[in-house]
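Here is the structure we will look at.
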Amino acid sequence: MLIEEALVKNFPCQGTEPSVKIASRSSPVLSLTPDALNLSGNDFFKFWVSGNQLDKLRAGIYLLGVEDATEKKLWCGYALFKTLTLNELVYVSLKNKTNEELNSRAAELIINKLIEYPCNI
Numbered sequence: 001m002l003i004e005e006a007l008v009k010n011f012p013c014q015g016t017e018p019s020v021k022i023a024s025r026s027s028p029v030l031s032l033t034p035d036a037l038n039l040s041g042n043d044f045f046k047f048w049v050s051g052n053q054l055d056k057l058r059a060g061i062y063l064l065g066v067e068d069a070t071e072k073k074l075w076c077g078y079a080l081f082k083t084l085t086l087n088e089l090v091y092v093s094l095k096n097k098t099n100e101e102l103n104s105r106a107a108e109l110i111i112n113k114l115i116e117y118p119c120n121i
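Shown next, in the form of structure tokens:
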């Protein structure tokens, strides 16, 4: 929610509703493509741990995009953590969530883990 609040404050869109926390999709995403909007944590995690190398790659790029977009804004940055370490922290966090918790948007779940590592300024 922090990113959404910051974006709304700096780039308000009139006449639009803020996104909801729960990904509103009745069926799972079959392939991770740019059209996979409101990606749930369940779908993201499924692709990330998939045996399909293309799905794994796309999920890794998605994760890197969230990390890059929030670096030094919501978490300290790559000077503190290497990408491999960040990915491991996110992996453990998602693995320990219930299916119900994983119904939330993937980006929000990832951000909620990253914000546990702010810069100590």
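Taking UniProt numbering, the leading residue of the sequence shown gets 1, the next gets one more, and so forth. C-beta atoms are modelled at their ideal positions from N, C-alpha and C, and glycine is treated no differently. It should be emphasised that the depicted structure is a prediction, and the values quoted were computed from it without experimental measurement.
Residues near residue 110 by beta carbon distance below 6 Å, same chain, minus five either side: The sequence position of residue 110 within the sequence shown is 110, counting from 1. Correct list, in chain order: 66, 90.
Strand pairing of residue 71, partner residues [DSSP]: The residue labelled residue 71 in the question sits at position 71 within the sequence shown. 75, per the DSSP bridge assignment.
Closest residue to residue 98 among 32, 37, 39, 45 (Cα-Cα distance): In the sequence shown, counting from the first residue as 1, residue 98 sits at position 98. Cα-wise, what sits closest to residue 98 is 45.
Rounded C-alpha distance that separates residue 40 from residue 32: Stepping through the sequence shown from its first residue, residue 40 is reached at position 40. Stepping through the sequence shown from its first residue, residue 32 is reached at position 32. Near 11 Å, if we compare the C-alpha coordinates of residue 32 and residue 40.
Nearest residue (CA-CA) to residue 113, options 36, 55, 71: Counting from 1 along the sequence shown, the entry for residue 113 is found at position 113. If we check each option's Cα against that of residue 113, 71 comes out closest.
Residue 104 (DSSP reduced to helix, strand or coil): To locate residue 104, count along the sequence shown from 1; it is residue 104. If DSSP states are grouped into helix, strand and coil, residue 104 belongs with the strands.
CB contact check: residue 105 to chain C, cutoff 8 Å: The structure shown contains no chain C; it holds only a single protein chain.
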